[in-house]
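Just so it is clear: in the sequence shown, position 95 is 80 by the numbering used here, and no numbers are missing.
A virtual CB, placed ideally from N, CA and C, is assigned to each residue, including glycine.
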Amino acid sequence: MFPVNGKVHTDPELGDVLLRKSPRARRLSIRVHPLKGVVVTVPYWVPYARGIAFLESQREWVRTMRQKVSARDASLPEGEDIESLRARAKAVLPDRLRMLADRYGFRYNRVAIKHNTSNWGSCSSKGNINLNLNLMRVPVPLQDYILLHELTHLHHPDHGPGFHEELEQLLADHFSRHLEEDDFRAYLQPIGESRAQHRITSVLERALKTYRPV
Ligand SMILES: [Zn+2]
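Shown next, in the form of structure tokens:
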């Protein structure tokens, strides 16, 4: 998972911190990433020790950011392991994907359930869709968001304006069909009247960031 041009520093409080050497960075910086954890970017010509000293000077800020980022418990539900998540995911997600694809006229090739911590799903150029078994740990509206996101990639391989436009339309339609369900309605509330400023995709994207694959 860690690139070659970096070094892992194990901090007693923060755990594994990646010190990443970047040829483009001009100064030291820190990011608290929902999946990768704490990452310190170190310019190529700066020694790693300076990166560690910088981390020390920013410890208070990193602590606050970590609390925000890991708002949701990333551990598995009580009594559940990866294999039981996989079994549940196989029983639920392919049918849900089929339903959404039929509803919106998408044709994909194959669907597979995968286990990883780097993405929630993916769609290949051959039209094969992978879905992360961790989707069983997020609410149904967010599951549907990922499924629709991957289906939209069948039309738009990148994340360009066309992709976002189509996905936003699909979500608007899908959510309006499920408005009777409390968990769907809850996500539309922050949007309210000001639809233009708060697109459904951005609300859902923000909500999804509070979950982490394990
Ligand atoms: Zn994507």
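Helix, strand or coil at Thr195 according to DSSP, with G and I counted as helix: Within the sequence shown, residue 195 is the residue found at index 210, counting from 1. If DSSP states are grouped into helix, strand and coil, Thr195 belongs with coil.
Span of the beta strand (DSSP E), counted from its first residue to its last, around Thr26: The count along the sequence shown starts at 1 and reaches residue 26 at position 41. Segment 22 to 28, the beta strand (DSSP E) holding Thr26.
Tell me which same chain residues have a C-beta within less than 6 Å of the C-beta of Asp(-4), skipping the five on either side of it? Residue numbering aside, residue -4 sits at position 11 when the sequence shown is read from its first letter. Contacts found: Val2.
At a cut-off of 8 Å, would you count His149 as near ligand 1, judging by its Cβ distance to the nearest heavy atom? Locating residue 149 in the sequence shown gives position 164, counting from the first residue. The answer is no for His149.
Looking at the C-beta of Gly112, does it have a partner C-beta in chain D at a distance below 9 Å? Judged by its chain identifiers, the structure shown contains no chain D, having just a single protein chain.
CB Leu82 to CB Ile37, shorter than 9 Å? Here residue 82 refers to the residue found at position 97 of the sequence shown. Here residue 37 refers to the residue found at position 52 of the sequence shown. No; because the gap between Cβ atoms is not below 9 Å, this pair is not in contact.
His144: CB within 8 Å of a non-hydrogen atom of ligand 1: Here the question's residue 144 lines up with position 159 in the sequence shown. Answer for His144: yes, Cβ within range of ligand 1.
heavy atom of ligand 1 below 8 Å from His140 C-beta: Here residue 140 is taken as the residue at index 155 of the sequence shown, counted from 1. Because no heavy atom of ligand 1 lies under 8 Å away, the Cβ of His140 does not count as near it: no.
Buried versus exposed call for Trp46 [16 or more other C-beta atoms within 10 Å across all chains shown]: Counting from 1 along the sequence shown, the entry for residue 46 is found at position 61. Label assigned to Trp46: exposed.
Measuring CA to CA, which of Asn(-10), Val199, His18 is closest to Lys6? Working through the sequence shown from its first residue, we reach residue 6 at position 21. Selected option, being the one with the closest Cα: Asn(-10).
Quick check: the Cα distance between Leu133 and Ser187, rounded to an integer number of angstroms? Along the sequence shown, read from residue 1 onward, the residue named residue 133 stands at position 148. Along the sequence shown, read from residue 1 onward, the residue named residue 187 stands at position 202. Those two C-alpha atoms are separated by around 14 Å.
Do you know how far the Cα of Ser103 is from the Cα of Pro198? Translated into positions along the sequence shown, residue 198 becomes position 213. Translated into positions along the sequence shown, residue 103 becomes position 118. Looking at the two C-alpha atoms, the distance is approximately 8 Å.
Under a Cβ-count criterion, where at least 16 other Cβ atoms within 10 Å of its own Cβ denotes burial, should Met(-14) be classed as buried or exposed? Along the sequence shown, one-based indexing puts residue -14 at 1. Because the pLDDT at Met(-14) is just 40, under 50, the model does not fix this residue reliably, and the point stays unresolved.
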